[in-house]
Amino acid sequence: MPLLQKPTTPSAQNALANTPSDRAAVRAPLLPPEVPARRFATESRSTRLSRSRSTTRYDRLVQLGAMAVGLCGCILIWLLGSYFTLSWLASLGFDAAAAGLLPIHTVLHIGPAEARLTWTAVQLLWPSILGAWALPLAMTLIETGFDPARANGRHSRLVWGAILGLDAVTSALGLQAVLVRFVPDVLVSWALAVIIGLLLAVVPEKLARRLIVENL
Numbered sequence: 000m001p002l003l004q005k006p007t008t009p010s011a012q013n014a015l016a017n018t019p020s021d022r023a024a025v026r027a028p029l030l031p032p033e034v035p036a037r038r039f040a041t042e043s044r045s046t047r048l049s050r051s052r053s054t055t056r057y058d059r060l061v062q063l064g065a066m067a068v069g070l071c072g073c074i075l076i077w078l079l080g081s082y083f084t085l086s087w088l089a090s091l092g093f094d095a096a097a098a099g100l101l102p103i104h105t106v107l108h109i110g111p112a113e114a115r116l117t118w119t120a121v122q123l124l125w126p127s128i129l130g131a132w133a134l135p136l137a138m139t140l141i142e143t144g145f146d147p148a149r150a151n152g153r154h155s156r157l158v159w160g161a162i163l164g165l166d167a168v169t170s171a172l173g174l175q176a177v178l179v180r181f182v183p184d185v186l187v188s189w190a191l192a193v194i195i196g197l198l199l200a201v202v203p204e205k206l207a208r209r210l211i212v213e214n215l
C-alpha cells in the first residue's frame, strides 16, 4: 500500500455506497418502467377534445330544438291572429274567408257538427281555403320584407305601416267579437282587443326572425 494513500474506513465505504448514483442503481430494478409524460399529455388532450366536441354537439342540438319549439310558438301566434282576421272578414259576408275557417273549426270541433268539413268537401273547397289563407300570408310577407329594420326607403316604411295597421285592426275586430262574451264592459273588451291584436300582428314575425338569426 502506498504511504500517501489513506486506508478506507468502514464509514467512508458506507458514505460512498450512499451516493445518489448508487441509490438509484439499487432502486432501478424495483421501480416500474417510466412512461413518457408526453403520452399522458397527448391522451388527456385528446380526451378533453372529444369531450368538448360531444358537449358542443349536445348544446347545439338543444339549441336547435329550443329554436324549433320557439318557431312553433310563433306559428301558433300567427295562426291565431290570422284566424281572427278571417273571422272578421267572414262576418262581413266573404265566403272565401268563411271557407278558410272551416278546417280549423273541423279540427278543433268548433261550431255545429253539420258545418264541419269532410274529405270530399275539402277537395271541393281547397281553392277557396288556400285563397283565404293567402291574404294573411301576404300581409305577413309585406310586414317582414318592408320592416324598417331591413328596408330604408320611405315608401317601404309607408307600406309596412299601412299593412301592419290593417293586420292589427282586423285581428282586433275579430277578437273583440269573442272577448265581448267574457268581458261585460265594452270599452275594456275593445282595449284588450286592440292591445292583443297589435301583439298578434307584431310578435310572430319579429320573434321568429330573431330566433333564426341568433341560433343559425
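Be aware that the sequence shown starts at 0, since it is given in numbering that gives the first Met the number 0, and climbs by one per residue. From the three backbone atoms N, C-alpha and C, an ideal C-beta is built for every residue, glycine too. Bear in mind the structure is a predicted one, so any value in this text is a computation, not a measurement.
In its own chain, which residues sit with a C-beta less than 6 Å from the C-beta of residue i, not counting the 5 before and 5 after it?
i	result
L172	W87
G99	L85, I128, A131 and W132
R156	P147
For residue i and residue j, what's the separation of their Cα atoms in angstroms?
i	j	result
M138	K205	14 Å
L198	G164	11 Å
R153	D146	11 Å
G160	T119	40 Å
L75	L123	26 Å
W125	V68	29 Å
L66	L91	Reading off the sequence, residue 66 comes out as Met, not Leu. Rounded to the nearest angstrom, the two C-alpha atoms are 38 Å apart.
A36	Q62	Residue confidence is low: A36 scores 49 on pLDDT, short of 50, so the model does not pin down where it sits. No coordinate-derived value is stated.
S127	G80	19 Å
H108	P102	10 Å
How is the alpha helix (DSSP H) around residue i delimited, first residue to last?
i	result
D166	R153 to L178
H108	Per DSSP, H108 belongs to no alpha helix (DSSP H) and is neither H nor E.
L206	V185 to N214
Beta-carbon within less than 7 Å of residue i's beta-carbon, same chain only, minus the 5 sequence neighbours each way: which residues are those?
i	result
S188	Q175, L178, V179 and V182
Does the Cβ of residue i have 16 or more other Cβ atoms within 10 Å, making it buried, or fewer, making it exposed?
i	result
C71	exposed
A95	buried
Y57	exposed
W77	buried
G110	exposed
I211	exposed
Can you list, in chain order, the residues of its chain whose CB lies under 8 Å from that of residue i, leaving out five sequence neighbours each side?
i	result
I162	M138, I141, E142 and F145
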